[in-house]
Structures are given as C-alpha cells and as structure tokens.
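Undergrad:
There are 2 protein chains.
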Amino acid sequence: MTSFPTVPRPSAAASMDDVARAAGVSTATVSRALRGLSSVSAATRDRIQGVARDLGYVASPSAASLASGRTRSIGLLTPWVDRWFYARAIDGAERALREVGFDALLYTFDLSSDQSRPRVDPSVLRRRVDGVLVVGMPLSREEVASLEALDLPLAFVGTGRHEHVTVRLDDDAAGRCATEHLLGLGHRRIGHITGPAGVEHSWSPPVARHAAWRVALEEASVAAEPGWAVDGAFDVNGGREAAHRLLETHPEITALFAASDEMAMGAILAARERGIDVPGELSVIGIDGHDLGELVGLTTVAQDPARQGGEAAQLLLSDIALWAVPGSEKVSGALQVLHPTHLVVRSSTAPPRQT
Amino acid sequence: MTSFPTVPRPSAAASMDDVARAAGVSTATVSRALRGLSSVSAATRDRIQGVARDLGYVASPSAASLASGRTRSIGLLTPWVDRWFYARAIDGAERALREVGFDALLYTFDLSSDQSRPRVDPSVLRRRVDGVLVVGMPLSREEVASLEALDLPLAFVGTGRHEHVTVRLDDDAAGRCATEHLLGLGHRRIGHITGPAGVEHSWSPPVARHAAWRVALEEASVAAEPGWAVDGAFDVNGGREAAHRLLETHPEITALFAASDEMAMGAILAARERGIDVPGELSVIGIDGHDLGELVGLTTVAQDPARQGGEAAQLLLSDIALWAVPGSEKVSGALQVLHPTHLVVRSSTAPPRQT
DNA sequence: CTGTTAGCGCCTTCAA
DNA sequence: TTGAAGGCGCTAACAG
Chain A
1 MTSFPTVPRP
11 SAAASMDDVA
21 RAAGVSTATV
31 SRALRGLSSV
41 SAATRDRIQG
51 VARDLGYVAS
61 PSAASLASGR
71 TRSIGLLTPW
81 VDRWFYARAI
91 DGAERALREV
101 GFDALLYTFD
111 LSSDQSRPRV
121 DPSVLRRRVD
131 GVLVVGMPLS
141 REEVASLEAL
151 DLPLAFVGTG
161 RHEHVTVRLD
171 DDAAGRCATE
181 HLLGLGHRRI
191 GHITGPAGVE
201 HSWSPPVARH
211 AAWRVALEEA
221 SVAAEPGWAV
231 DGAFDVNGGR
241 EAAHRLLETH
251 PEITALFAAS
261 DEMAMGAILA
271 ARERGIDVPG
281 ELSVIGIDGH
291 DLGELVGLTT
301 VAQDPARQGG
311 EAAQLLLSDI
321 ALWAVPGSEK
331 VSGALQVLHP
341 THLVVRSSTA
351 PPRQT
Chain B
1 MTSFPTVPRP
11 SAAASMDDVA
21 RAAGVSTATV
31 SRALRGLSSV
41 SAATRDRIQG
51 VARDLGYVAS
61 PSAASLASGR
71 TRSIGLLTPW
81 VDRWFYARAI
91 DGAERALREV
101 GFDALLYTFD
111 LSSDQSRPRV
121 DPSVLRRRVD
131 GVLVVGMPLS
141 REEVASLEAL
151 DLPLAFVGTG
161 RHEHVTVRLD
171 DDAAGRCATE
181 HLLGLGHRRI
191 GHITGPAGVE
201 HSWSPPVARH
211 AAWRVALEEA
221 SVAAEPGWAV
231 DGAFDVNGGR
241 EAAHRLLETH
251 PEITALFAAS
261 DEMAMGAILA
271 ARERGIDVPG
281 ELSVIGIDGH
291 DLGELVGLTT
301 VAQDPARQGG
311 EAAQLLLSDI
321 ALWAVPGSEK
331 VSGALQVLHP
341 THLVVRSSTA
351 PPRQT
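Okay, structure coming up:
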C-alpha cells in the first residue's frame, strides 16, 4: 500500500446541528427521531423527519461509527468477483445488505494456482466492518484463525468448516444426483473430474462431490478404477486438461462427472478436440447451472448462488444484531444451511452407445 | 469467566494513544509517522512503526474520516456484478483501489428491461465515499445530474457521456473491425444485432457499434436493408430472440455482427434452433472476448474490461488527489480513454457459401 | 522535527 | 419524552 496524497475538502452538507436548530430541538432528539427510536413523540419525529428531508440531511457514517462503534457495513471476502458462482453470490449478498442499509465492502485476494496468494490479512477489517462474509474462498487454518481473532461475526458461502455459519449446496446430494443420473442412463464406466490436487478437507465442495461419486458407484456395485478420478483447476481450462488426461489413459470411460460446470465445459471442449462425440461416445454432466451451459447443451445439477449469498448475508446480519448482547453470542454458532439443487437435463448426456 | 487457555489474540483495539504512550511521543507524531509524512525523523518513525506493529495497532477508519473529511473509499455503481464485462471491470477497479489502500463500496441497482429501475439516489453516498466509479451503467440525464450534485470526482467505465472521465473501448473501431472482418471474408448481406430499443445516445456502446456497422457497409458500397439491424436485450436470450426475428424476416443474411459476445452466442443458439449451420450458412461475430466464447468457437473483437476498470479507478484516484486543490479541479475533466481491441478469429466466421 | 490544542459529527449516558 | 454534556479516535492547524 503506497501513501496517497491528502488534501482538505470543503464540506457544505447539512449537519445534525442544522436539523436540530431548524426543528427547534436538541441533536439528541434528532438522532433518536431519525433512527426511529421509540422514545420520541410522533409529532416531533414527523417534524424532524420533514426538516431533515428539506435540508437534504444525510448522516455522516464516519461520525455515527465513531460514536456507536458499529459501522453498518460488512466485508465481502472473495478470491474472484468475475467467476460465475462468486459473482452471483456476491450479487445476492449485496442486495440483502443494501436492503437493510448495510454497505458491502469488496475485498478480493489473489488466489492463483501457484499458491503465491498473499495471506488474507484481516487486520485491515478491524473497526471497519461489523461482520465478514467469506464467499467461496478456501482458507487455510491460519487464515481462519486470524479471521476469528477479529472477534467479529463470520459467515461462509459455498465452502466452510462445520464450526461456522455456512450456506452451501448439499454437495453430497448433488454429487450423487449427478452420478446417479449417469448410472440411470446405463453408464458403468464413469469418470470424475474433481478440484485441485492437495485439497482434502471434507468441507471442500470438490472433495465432498468426489466422495459422493465414489459412494454412488459403490452403491451401484461399480468398481471404480483408481484412475477414473482426476484432479484439475476449477475452471474451463482445468477441466479441459483433466479430461484430456483422463481420456488419454482411460478411453473405456463412457461418461464423465465434472465437479463444476466450467470444468464440464472444458471436458466437452477436450472431447471435441479428441474427436469424441458428446453424448454419443461420452456423456458429460456438471454441477452449477451455469448460464452458458446451454451453449454446449450441458446437463447439470443446478444451484442458485445468489440465494445462497443472500441467505448468508441475512444470517450474518442477525448475528451482528445479537452481537454484544450479553449471553447470546453463539446463537447461530455452527449453523449449516444446505440449499437445494435440481437436475437440468440437456443434450450432453445420453445412454451409452451399444458396442 | 473462568481462565481458559486462549489463543494469544491481538490486543483488543489498541488506539493511537496507546502507541503514543508506548513510543513516548504525542499522538500527532504517531499519526504523522504512520501516514508516512515526511516531517518525522527516520528514527522516531521507525520506532513508532515498530511499536504500532507490536501492539497490533490498526487505525480507525471512522475516526480518520471524521477528522480528515476523506473516507479513502469509493463507490462502485453498477447494475450487475454477475455479467462478464461488469464483473471483470469491477475486479480491475477493486484491485487498483486496494493497491493504494482505498475501499470499494459496491452499489448495485436494478436495471430491469421494464424501465422500472429505481432511480439511482446518490445521496447515500454523501460523506461516505471520496469518489464514484460508474461501471457500464446507462444513466439518465437526471441521474447523472444528481450524481454531479454530490460534487465528487466521477468516472465511468464502458459507457459515459463525453463531458466525463470515461474509459472504454473504441466502439467505432471495434464495430468497423467486426464488420470489415465479415466484408473481408466476402460477405455482403450482413445483419446486425444492436442493444435495446429506445437508446439513442451516441455515447452508448450499442449505438456507436451500430453506427460503425452502417459506415463500414457504406464504405464497402453495400446498401444495407433497413431490416438488417434488429434490437435486443444485451444478453444471450436477447441475442437469441433478435436473431430469430432477423433470420425469419431476412433469410438472405449470410453474416451477423452482434454488439456483444453474449448476444452473438444467443444468435448462434438461434441459428442452431433453426437448423442453420454456423459458419456454413451464417457467420457470426461479436464484441468482447468473453471467456466462454470458445465453447461455440465464437469469432470476436476482444477487449479487456479489467484493465479498463483499473485505469478508470486510477484516473478517479488522481482526481480525488487533486480535489479541492485550488485551480486544479478540472484536470482530467472530460478525458476519454479508448482502450485497444483485437480480432480473435475462431470458427464462427467463414467465407459465404457459394450459391 | 515535535507537542498542544481544537474540533470532525454523531451517539449515549445521565438528568430533568 | 427531551436536553446537556462528554466522549468515540483521529487529523490539522498552530506554536515551539
């Protein structure tokens, strides 16, 4: 962070004093009236509101924060704002916050595949937000600890440990749904593209989906080859590369379950590049319900990230409301909210070709 | 409360007073040292920084804002955070701001096609941000006026009137590039899908691209039928519907230039639905360089919204730095920055079929 | 180069 | 139900 020039700025906006003077009351009463506290008579409240409107009065958030200790804003922590799930979750969260007059502060952190991401240093959030919403960011244990050290309400969307408030889809159900769709079509040799290698937390979406795939196969009495599951980066190119690897080493595969739609799209590109017909020779299914899945006729297990983001924001807000109320700190302590998914069948899946 | 082995948590809210006391100086000196003002000896500065670090001191943004009148944050105004251009522009802007320690406040506004969008009411921004960055949002004249009434530095990305600081691609050049690519392949009957009906501002991207299409055709001595240009919503379905209308009424078209990649993708879907081969019977080109254009082999004129967002943020920051400095208010007054584009040829365009 | 002194604009006890 | 007064934590003159 480099230093930034500072200069004085003229302020010409109406202050609470102006309103108080014009309404013939004290600033304390103005403050109470404008915040809707009950201890103000309806008559004076209305008068004050009228005066405030006429004067175009807008409270200074800085002054209010300084005096009250609450900022009415929350920090949105995310590695990307320009990916499908993240963008939609952020959108949902922002709308829910705006609804109740909370600001959304965007904090993106580099999360490159080369692990060189700067550690999330949440100290900048101190005194700046009333709570933190982590959007789909896989955090290390140390990062989570430093977030918790802020002693602020915390919520997670899309991924998160069980000891936190977390809103996500049911990864197990989604993974089974996808796999069972393929099994139901008659496939037996079903490959899987999971997330990046090295992630083994059970609360990580790709890990849970991977496990669901394995269980679904077992339940169908299909003995999965070890090589049928390959890892890849969680985007189109990651899916493409992974699919190439898989199809190279295991051409017997007739169907493929990718842990995300973007990876599934990558897999479809890879199949095309190898001259493999989808769904004639290879069925492909993903998870997400990506808007552009239709471009390649992608069958998928759809979710609604915006709703998840909105609900997580609301949970966070209620935690914030309870914050500092004695004896009620851990109300929603470790709440896990699982959002529903639904199968969207398009043209990337079909029964296996009879050979 | 019983004693319990707790993680050594950073001291609960060390204030500037604590740092001053521990360093044996006044708070004024701490303030100066920590902000990197030159009027502090290197020795005391280092000492103060050390003490601050040891104490885990983090300045209160509210107090700093209240005292200085500057918030070190900017408002990001946008209709959507979950569309390709917007998400990437926001990402670029956020990173540029974070770089210099500025916060990005996200403000989304509904911009539904039914015109029922709530007017942008910028009064909430008063005293809350040092500047406003409008991302690709077509604002009415009244909305712009109310923004200007804030008397804050203002910048636009992707769209904006000439009297403002605006960063965008060269719509004219991009539109010509796309059209001339089709002309160069030998097409003469070239349709165009522009933006929503009713928008006629020359500073609007779809309008400028439409004009470029018309001029390019004229220069090639092609007399465009009036019906060759159709309007549509700026997304996949808008493009799809528009393409259906166009192909229904003007089947003689052999190529199609859509004002955005998402509309172009929609057009490709429409062609598929009508059994029209792309590029065999119909070439399609868009503008954007959307990540997923590759899924349908979309030829496009690519831009980099993240860079545009970043540059707009920097221009805004320099305007903020100059704010209230006598005689320098309008330095970048009406700066128009045009970013380059480049043609990406894939498989959705080809010479017209010989008939 | 450093300290002193006032606020910035609001919230929040405490009294009335 | 209202008012008076004291901060919240920091910055910005002005001295020295």
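From first to last, the protein sequence lines stand for chains A and B. 1 is the number of the first residue of the first sequence in full-length UniProt numbering; add one for each residue after it. 1 is the number of the first residue of the second sequence in full-length UniProt numbering; add one for each residue after it. Beta carbons are placed, not taken as given, at the ideal position from N, Cα and C, and that holds for glycine. Being a predicted model, the structure only gives us computed values, none of them experimental.
For the alpha helix (DSSP H) containing Ile268 of chain A, name the first residue and the last one.
TA: Element bounds for Ile268 of chain A: Asp261 to Glu273.
Undergrad: Can you give me the start and stop residues for the alpha helix (DSSP H) that Thr44 of chain A sits inside?
TA: Segment Ala42 to Leu55, the alpha helix (DSSP H) holding Thr44 of chain A.
Undergrad: Check whether the segment 262–281 of chain A and the segment 233–242 of chain A touch, using three or more Cβ-Cβ pairs below 8 Å as the test.
TA: Touching, yes, given that three or more Cβ pairs across the two stretches are closer than 8 Å.
Undergrad: Taking C-beta pairs closer than 9 Å, name the residues in chain B that Val132 of chain A reaches, listed in chain order.
TA: Chain B residues near Val132 of chain A: none, gap ~14 Å exceeds 9 Å.
Undergrad: If I measure Cβ to Cβ from Asp114 of chain A and keep anything under 8 Å in the same chain, skipping five residues before and after, which residues do I get?
TA: Residue confidence for Asp114 of chain A is low, a pLDDT of 46 falling below 50, so the modelled location carries little weight; the figure read from the coordinates is stated next. Around Asp114 of chain A: no qualifying Cβ.
Undergrad: Quick check on DSSP: helix, strand or coil for Leu71 of chain B?
TA: Before going on, a small fix: residue 71 of chain B reads as Thr here, not Leu. Correct three-state label for Thr71 of chain B: coil.
Undergrad: Tell me whether the beta-carbon of Ile190 of chain A lies closer than 8 Å to the beta-carbon of Gly239 of chain A.
TA: No. Outside cutoff.
Undergrad: Give the single residue among A:His339, A:Val301 and A:Arg353 whose Cα lies nearest to the Cα of Asp170 of chain A.
TA: Closest option to Asp170 of chain A, Cα to Cα, is A:His339.
Undergrad: With a threshold of 7 Å, establish whether the CB of Leu183 of chain A neighbours any heavy atom of the ligand NAD.
TA: This structure lacks the ligand NAD; in fact it carries no ligand of any kind.
Undergrad: Answer yes or no: does any C-beta atom of chain B fall closer than 8 Å to that of Ala313 of chain A?
TA: Taking Cβ atoms only, chain B never reaches closer than 8 Å to Ala313 of chain A, which makes this a no.
Undergrad: So does the segment 292–308 of chain B actually touch the segment 161–175 of chain B, counting three or more Cβ pairs closer than 8 Å?
TA: Yes, the segment 292–308 of chain B is in contact with the segment 161–175 of chain B.
Undergrad: Tell me which same chain residues have a C-beta within less than 7 Å of the C-beta of Ala33 of chain A, skipping the five on either side of it?
TA: Here the set comprises Val40, Thr44, Arg45, Ile48 and Gln49.
Undergrad: At which residues does the alpha helix (DSSP H) containing Asp103 of chain A begin and terminate?
TA: That residue, Asp103 of chain A, is in no alpha helix (DSSP H); its beta strand (DSSP E) goes Asp103 to Thr108.
Undergrad: Below 8 Å on the Cβ atoms is my guess for Gly131 of chain A versus Leu154 of chain A; work out the distance and round it to an integer in Å.
TA: Sure, about 7 Å apart at Cβ, within 8 Å.
Undergrad: Strictly under 8 Å for the Cβ-Cβ distance: is Asp304 of chain B near chain A by that measure?
TA: Taking Cβ atoms only, chain A never reaches closer than 8 Å to Asp304 of chain B, which makes this a no.
Undergrad: What does Ala264 of chain A reach in chain B if we use C-beta pairs closer than 8 Å?
TA: Those within 8 Å of Ala264 of chain A in chain B number zero; the least Cβ separation is about 11 Å.
Undergrad: Rounded to whole angstroms, what is the Cα-Cα separation between Thr78 of chain A and Gly309 of chain A?
TA: The alpha-carbon atoms of Thr78 of chain A and Gly309 of chain A are separated by roughly 12 Å.
Undergrad: When the distance is taken between beta carbons, is Thr349 of chain B closer than 8 Å to His181 of chain B?
TA: Yes; because the gap between Cβ atoms is below 8 Å, this pair is in contact.
Undergrad: Per DSSP, what kind of secondary structure is Gly36 of chain B in: helix, strand or coil?
TA: Coil, per DSSP.
Undergrad: For the beta strand (DSSP E) containing Arg168 of chain A, name the first residue and the last one.
TA: Note, Arg168 of chain A: beta strand (DSSP E), Val165 to Leu169.
Undergrad: Around the Cβ of His162 of chain A, are there at least 16 other Cβ atoms within 10 angstroms (buried) or fewer (exposed)?
TA: Looking at its Cβ environment, which holds fewer than 16 other Cβ atoms inside 10 Å, His162 of chain A is exposed.
Undergrad: I'd like to know whether the C-beta atoms of Leu317 of chain A and Val165 of chain A end up nearer to each other than 8 Å.
TA: Contact flag unset, no.
Undergrad: Given that a residue counts as buried once 16 or more other Cβ atoms are within 10 Å of its Cβ, and exposed if not, what is Val134 of chain B?
TA: Buried, since its Cβ has 16 or more Cβ neighbours within 10 Å.
Undergrad: Determine, for Pro61 of chain A, whether the minimum Cβ-Cβ distance to residues of chain B falls below 8 Å.
TA: Yes, its Cβ sits closer than 8 Å to a Cβ of chain B.
Undergrad: Is the beta carbon of Ala312 of chain B closer than 8 Å to that of Ala93 of chain B?
TA: The answer is yes: Cβ separation under 8 Å.
Undergrad: Could you tell me the boundaries of the alpha helix (DSSP H) in which Gln354 of chain A lies?
TA: Where Gln354 of chain A is concerned, there is no enclosing alpha helix (DSSP H), given that its DSSP letter is neither H nor E.
Undergrad: Based on the DSSP secondary-structure assignment, which residues constitute the bridge partners of Gly191 of chain B?
TA: Answer is B:Leu256, bridged to Gly191 of chain B.
Undergrad: Distance check for Arg307 of chain B and Gly289 of chain A, CA to CA, integer angstroms please.
TA: Taking the straight line from one Cα to the other gives about 29 Å.
Undergrad: Comparing the C-beta of Ala223 of chain B with each C-beta of chain A, is any distance below 8 Å?
TA: No - not a single Cβ of chain A is within 8 Å of the one on Ala223 of chain B.
Undergrad: Based on Cα-Cα distance, which residue from A:Thr159, A:Ala243 and A:Leu217 lies nearest to Gly266 of chain A?
TA: Gly266 of chain A has its Cα closest to that of A:Ala243, out of A:Thr159, A:Ala243 and A:Leu217.
Undergrad: Can you tell me where the alpha helix (DSSP H) with Asp91 of chain B in it begins and where it stops?
TA: Asp91 of chain B -> alpha helix (DSSP H) spans Trp84 to Glu99.
Undergrad: Hey, Ala89 of chain A and Gln314 of chain A are a contact pair by Cβ (cut 8 Å); roughly how many whole angstroms apart?
TA: At roughly 13 Å, the Cβ-Cβ gap does not stay under 8 Å, so Ala89 of chain A and Gln314 of chain A are not in contact.
Undergrad: Give me whichever residues DSSP pairs with Gln336 of chain B in a beta bridge.
TA: Partner(s): B:Thr166.
Undergrad: Of the residues A:Gly198, A:Arg127 and A:Ala13, which one's Cα is nearest the Cα of Ser62 of chain B?
TA: Comparing Cα positions, the closest option is A:Arg127.
Undergrad: Per DSSP, what are the beta-bridge partners of Thr179 of chain A in this structure?
TA: Answer is none; Thr179 of chain A lacks a bridge partner.
Undergrad: Could you tell me the distance, in whole angstroms, from the CA atom of Gly280 of chain B to the CA atom of Leu295 of chain A?
TA: The alpha-carbon atoms of Gly280 of chain B and Leu295 of chain A are separated by roughly 18 Å.
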